[in-house]
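A.B. asks: Starting off with a structure, shown below.
2 protein chains.
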Amino acid sequence: MAQHPAKAPSPTSAEPRWERRKQARPAELALAALELFVEKGFAATRLDDVAARAGVSKGTLYLYFDSKEALFKSVVRESIVPAMVEAEDMLAQHNGSAEEALESLFWEWWHRILSTPLGGIPKLMLAESRNFPEIADFYHREVIQRGTDLIRSVIARGVKRGEFQPLNLDYVAHVVIAPMVMLAVSRHSVDFCGRENRDPLEFVRTHVEMMLAGLRHYGERAVRDRERLRALAPGRPRSLPAKRTATSGRSPRPRAGGKQRKESR
Amino acid sequence: MAQHPAKAPSPTSAEPRWERRKQARPAELALAALELFVEKGFAATRLDDVAARAGVSKGTLYLYFDSKEALFKSVVRESIVPAMVEAEDMLAQHNGSAEEALESLFWEWWHRILSTPLGGIPKLMLAESRNFPEIADFYHREVIQRGTDLIRSVIARGVKRGEFQPLNLDYVAHVVIAPMVMLAVSRHSVDFCGRENRDPLEFVRTHVEMMLAGLRHYGERAVRDRERLRALAPGRPRSLPAKRTATSGRSPRPRAGGKQRKESR
DNA sequence: GGTACATTACTGACCGGTCAGTTATTTAAT
DNA sequence: ATTAAATAACTGACCGGTCAGTAATGTACC
């Protein structure tokens, strides 16, 4: 995690207090910023801390970035595009079955992106996109769109080759991506405190297995149900069971009885 | 939603400038806070704005909540627990097939929680849990844990009844919840700017279909592959996957053999 | 190769705006 | 008239952004 590259003040006098490393600084600052933005969120991250983690002073940060927001933009933009290009290249060269392509795509995605510091970006974007519409647009265009397109094209090939059932590509693509994104996001939020000790690899494996089985047999139930319905009773429309009758006397609204005590730790 | 409940200063003079509504304020403030926390994040939300949205002044907020953090805690705690109780009750009364139970559980989840203001809480928690370990713990215990337990128990019943293949319950539960969570989260972040016009209902429908097909046919490929392998080459036990160095092209297959593969427990 | 001069990467104290939290005051309600 | 719900002016800490100064490095001249 690239801590202070030279922050051990050795007793010997010859140690310079700092070095001039004009060309290494930006990347180091960007990495530190990414880590802190992911950890704390944009607003709660102090630039002093970013600078400290990169082993420089806040002034130095402003030599390379115009503002906190510029730093944020840079972090997202510079990091994610190369990663996408790589993924697309990888897949373009693949010409086996769609099933294999999908599987290896997901594993590559995990190993090359989600399990690295870049894996924090989805959380960051989910948390901040409404505060930075411009960046959100960029991210949507360059990452989400291209990512789902990638998945969609592979699945489409699978359908064409008869590996998968025909299905609604747009929605399926988003559905199968979701667990991967959640995996990445969780690792940088809930898992961190909640002491989850699930194995990410096992999670990916399970998801891939579920997904492939799903793609192969999608829609079979509909057929079965239609047959069953026809055999049994006059058609009952697809309904959502159980009206919302608020069984318990509780309101689903947030409710504060008395004054909320502060902390008490 | 829920703008200033009484903020139209009518020209008639008899109008009081404000009302005393001791018992309605807390809920109104909490809702306003939830909306803004979800929209901007905790740190970027100003209490003046929360108060304004609830139609009161900041001082009033402090009559009911001791601090910004207490407000945050209250919002999460008071809102989510009743919702969980409801879901558990609903499922306890269900005694049809596991497949039906799962499906209706997901639809209820969508209609009763995810599509309401409460649907913003997952995003809020993902974004802020590292800043509030205490709340994260609470949320993990009272929501994530209970939610996955719910799913797991239904799937376990399905396995027992022979509806589903045997599978790793822990991981599968998290995998099938992920798309629902992502749906909720997206609606409050990326979708807001990115002009996604996907239909949430169609998304849920697609996910349910995929999931059920997956559960019914989970692991069939493994069997098929084993047979193919046995037919082709002398059985070599699978080795660990290519150490994620993954220089190029080839896909690092997930290890299928090895230690774990704990089936439904 | 040593020394004086020039350049610039880097520092850290400081400033000003913002906002969580407080308090003195006003006003609805009984 | 009394009580307490609600207000609005106020305070002070904190943090993004600035800049005058400093120290590391590069270079010209001997």
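Chains as they are written, first to last, in the numbering used here: chain S, 1 to 265; chain P, 266 to 530.
Backbone N, C-alpha and C define an ideal beta-carbon position, used for all residues, glycine too.
All figures in this text were calculated on a predicted structure; none of them were measured in a lab.
Taking only the alpha-carbon atoms, compute the straight-line gap between residue 327 (chain P) and residue 400 (chain P) and give it to the nearest angstrom.
C.D. replies: Reading the second sequence from its first residue, position 62 is the one you call residue 327 (chain P). Reading the second sequence from its first residue, position 135 is the one you call residue 400 (chain P). So the alpha carbons of these two residues sit roughly 21 Å apart.
A.B. asks: Within the region 395–419 of chain P, note down every full alpha helix (DSSP H) run reaching 4 residues or more, in order along the chain.
C.D. replies: List check, alpha helix (DSSP H) in window: 398–404.
A.B. asks: Give the DSSP-derived three-state secondary structure of residue 330 (chain P) in the structure shown.
C.D. replies: In the second sequence, counting from the first residue as 1, residue 330 (chain P) sits at position 65. DSSP places residue 330 (chain P) in strand when its eight states are reduced to three.
A.B. asks: Classify residue 289 (chain P) as helix, strand or coil using the three-state DSSP reduction.
C.D. replies: What you label residue 289 (chain P) is simply residue 24 of the second sequence in a count that begins at 1. Note: residue 289 (chain P) maps to coil in three-state DSSP.
A.B. asks: Taking only the alpha-carbon atoms, compute the straight-line gap between residue 220 (chain S) and residue 200 (chain S) and give it to the nearest angstrom.
C.D. replies: Translated into positions along the first sequence, residue 220 (chain S) becomes position 220. Translated into positions along the first sequence, residue 200 (chain S) becomes position 200. If you take the alpha carbons of residue 220 (chain S) and residue 200 (chain S), they lie about 30 Å apart.
A.B. asks: Report the start-end ranges of each alpha helix (DSSP H) in the region 314–367 of chain P that is 4 residues or longer and not cut off at the edges.
C.D. replies: Complete alpha helix (DSSP H) runs here, min 4: 323–329 and 333–357.
A.B. asks: Does any residue of chain S bring its CB to less than 8 Å from the CB of residue 322 (chain P)?
C.D. replies: In the second sequence, residue 322 (chain P) corresponds to position 57, counting from 1. No - not a single Cβ of chain S is within 8 Å of the one on residue 322 (chain P).
A.B. asks: Can you tell me whether residue 158 (chain S) is buried or exposed, with buried defined as 16 or more other CB within 10 angstroms of its CB?
C.D. replies: Mapped onto the first sequence, residue 158 (chain S) falls at position 158. Buried, because 16 or more other Cβ atoms sit within 10 Å of the Cβ of residue 158 (chain S).
A.B. asks: My output table needs one value for residue 174 (chain S): the three-state DSSP class, helix, strand or coil.
C.D. replies: Translated into the one-based positions of the first sequence, residue 174 (chain S) becomes position 174. Here residue 174 (chain S) sits in helix by DSSP.
A.B. asks: Please report the Cβ distance between residue 106 (chain S) and residue 180 (chain S), rounded to the nearest whole angstrom; I am assuming they are in contact, meaning their Cβ atoms lie under 8 Å.
C.D. replies: Counting from 1 along the first sequence, the entry for residue 106 (chain S) is found at position 106. Counting from 1 along the first sequence, the entry for residue 180 (chain S) is found at position 180. Contact holds; Cβ gap of about 6 Å.
A.B. asks: Among S:224, S:214 and S:36, which one has its Cα closest to the Cα of residue 124 (chain S)?
C.D. replies: The residue given as residue 124 (chain S) occupies position 124 in the first sequence. Nearest C-alpha to residue 124 (chain S): S:36.
A.B. asks: Touching or not, the region 393–407 of chain P and the region 462–477 of chain P, by the rule of three or more beta carbon pairs under 8 Å?
C.D. replies: Touching, no.
A.B. asks: Note down, in chain order, each residue of its chain lying with its Cβ closer than 6 Å to the Cβ of residue 50 (chain S), except the 5 sequence neighbours on either side.
C.D. replies: The residue you call residue 50 (chain S) lines up with position 50 of the first sequence. Same-chain partners within the cutoff: 32, 33 and 36.
A.B. asks: Once DSSP output is grouped into helix, strand and coil, what is the label at residue 115 (chain S)?
C.D. replies: In the first sequence, residue 115 (chain S) corresponds to position 115, counting from 1. If DSSP states are grouped into helix, strand and coil, residue 115 (chain S) belongs with coil.
A.B. asks: Would you mind stating whether residue 132 (chain S) and residue 216 (chain S) have Cβ atoms separated by less than 8 Å?
C.D. replies: Walking along the first sequence from the start, residue 132 (chain S) turns up at place 132. Walking along the first sequence from the start, residue 216 (chain S) turns up at place 216. Not closer than 8 Å, so no.
A.B. asks: Measuring only the C-alpha atoms, how far is residue 117 (chain S) from residue 469 (chain P)?
C.D. replies: Translated into the one-based positions of the first sequence, residue 117 (chain S) becomes position 117. Translated into the one-based positions of the second sequence, residue 469 (chain P) becomes position 204. Approximately 31 Å between the Cα atoms of the pair.
A.B. asks: Alpha carbon to alpha carbon, what distance is there between residue 74 (chain S) and residue 338 (chain P)?
C.D. replies: Translated into positions along the second sequence, residue 338 (chain P) becomes position 73. Translated into positions along the first sequence, residue 74 (chain S) becomes position 74. If you take the alpha carbons of residue 338 (chain P) and residue 74 (chain S), they lie about 33 Å apart.
A.B. asks: Comparing the C-beta of residue 82 (chain S) with each C-beta of chain P, is any distance below 8 Å?
C.D. replies: One-based indexing of the first sequence puts residue 82 (chain S) at position 82. No, residue 82 (chain S) does not count as interfacial toward chain P.
A.B. asks: Can you find a CB in chain S that lies within less than 8 Å of the CB of residue 454 (chain P)?
C.D. replies: The residue you call residue 454 (chain P) lines up with position 189 of the second sequence. It does: the Cβ of residue 454 (chain P) has a partner Cβ on chain S nearer than 8 Å.
A.B. asks: Judging by CA-CA distance, which residue of S:94, S:111 and S:161 is the nearest neighbour of residue 83 (chain S)?
C.D. replies: For the purposes of this step, residue 83 (chain S) is taken as residue 83 along the first sequence, with counting starting at 1. Among S:94, S:111 and S:161, the Cα nearest to that of residue 83 (chain S) belongs to S:111.
A.B. asks: Name the residues in the region 130–143 of chain S whose C-beta lies less than 7 Å from a C-beta of chain P; which are they?
C.D. replies: Residues 130, 131, 133, 136, 137 and 140.
A.B. asks: Beta-carbon separation of residue 122 (chain S) and residue 172 (chain S) under 8 Å?
C.D. replies: In the first sequence, the residue the question calls residue 122 (chain S) occupies position 122. In the first sequence, the residue the question calls residue 172 (chain S) occupies position 172. For residue 122 (chain S) and residue 172 (chain S), no; Cβs fall outside 8 Å.
A.B. asks: Could you tell me whether the Cβ of residue 76 (chain S) comes closer than 8 Å to any Cβ of chain P?
C.D. replies: The residue you call residue 76 (chain S) lines up with position 76 of the first sequence. Residue 76 (chain S) does not count as touching chain P.
A.B. asks: Is residue 217 (chain S) helix, strand or coil by DSSP?
C.D. replies: Here residue 217 (chain S) is taken as the residue at index 217 of the first sequence, counted from 1. In the structure shown, residue 217 (chain S) sits in a helix (DSSP, three-state: H, G or I).
A.B. asks: Would a C-beta distance cut-off of 8 Å place residue 343 (chain P) and residue 295 (chain P) closer than the cut-off?
C.D. replies: If you number the second sequence from 1, residue 343 (chain P) lands on position 78. If you number the second sequence from 1, residue 295 (chain P) lands on position 30. Their beta carbons are under 8 Å apart, which means residue 343 (chain P) touches residue 295 (chain P) by this criterion.
A.B. asks: Please classify residue 92 (chain S) as buried or exposed, where buried requires at least 16 neighbouring CB atoms within 10 angstroms.
C.D. replies: On the first sequence, position 92 is the one that residue 92 (chain S) refers to. Under this definition residue 92 (chain S) is an exposed residue.
A.B. asks: I want to see whether chain S comes within less than 8 Å of residue 234 (chain P), judged by CB atoms only; does it?
C.D. replies: No statement about residue 234 (chain P) is possible, as the shown extent of chain P runs from 266 to 530 and does not include it.
A.B. asks: So the alpha helix (DSSP H) residue 319 (chain S) belongs to, where does it begin and stop?
C.D. replies: Lying before the first or after the last residue shown, residue 319 (chain S) is absent from chain S, which here runs from 1 to 265.
A.B. asks: Can you find the residues in the same chain that come closer than 7 Å, C-beta to C-beta, to residue 156 (chain S), ignoring five residues on each side of it along the sequence?
C.D. replies: One-based indexing of the first sequence puts residue 156 (chain S) at position 156. So the list reads 169, once near-sequence residues are dropped.
A.B. asks: Assuming residue 126 (chain S) is part of the alpha helix (DSSP H), what are its boundary residues?
C.D. replies: In the first sequence, the residue the question calls residue 126 (chain S) occupies position 126. Residue 126 (chain S) -> alpha helix (DSSP H) spans 121–128.
A.B. asks: Using 10 angstroms around the beta-carbon of residue 57 (chain S), count the other beta-carbons present and answer buried if the total reaches 16, otherwise exposed.
C.D. replies: Start at 1 with the first residue of the first sequence, and residue 57 (chain S) comes out as number 57. That one is exposed.
A.B. asks: Shorter than 8 Å from the beta carbon of residue 179 (chain S) to some beta carbon of chain P?
C.D. replies: Position 179 of the first sequence, counted from the first residue, corresponds to residue 179 (chain S). At least one chain P Cβ lies under 8 Å of residue 179 (chain S).
A.B. asks: Roughly how far, in whole angstroms, is the beta-carbon of residue 120 (chain S) from the beta-carbon of residue 190 (chain S), given that I think they are within contact range, below 8 Å?
C.D. replies: Locating residue 120 (chain S) in the first sequence gives position 120, counting from the first residue. Locating residue 190 (chain S) in the first sequence gives position 190, counting from the first residue. At roughly 14 Å, the Cβ-Cβ gap does not stay under 8 Å, so residue 120 (chain S) and residue 190 (chain S) are not in contact.
A.B. asks: Tell me whether the beta-carbon of residue 354 (chain P) lies closer than 8 Å to the beta-carbon of residue 193 (chain S).
C.D. replies: Position 89 of the second sequence, counting from 1, holds the residue named residue 354 (chain P). Position 193 of the first sequence, counting from 1, holds the residue named residue 193 (chain S). In this structure, residue 193 (chain S) does not lie closer than 8 Å to residue 354 (chain P) by Cβ.
A.B. asks: Spatial neighbours of residue 443 (chain P) within its chain, please: C-beta separation below 6 Å, excluding the five flanking residues on both sides.
C.D. replies: Here residue 443 (chain P) refers to the residue found at position 178 of the second sequence. None.
A.B. asks: Can you look up residue 467 (chain P) in the DSSP assignment and give me helix, strand or coil?
C.D. replies: The residue you call residue 467 (chain P) lines up with position 202 of the second sequence. Residue state, collapsed to three classes: helix.
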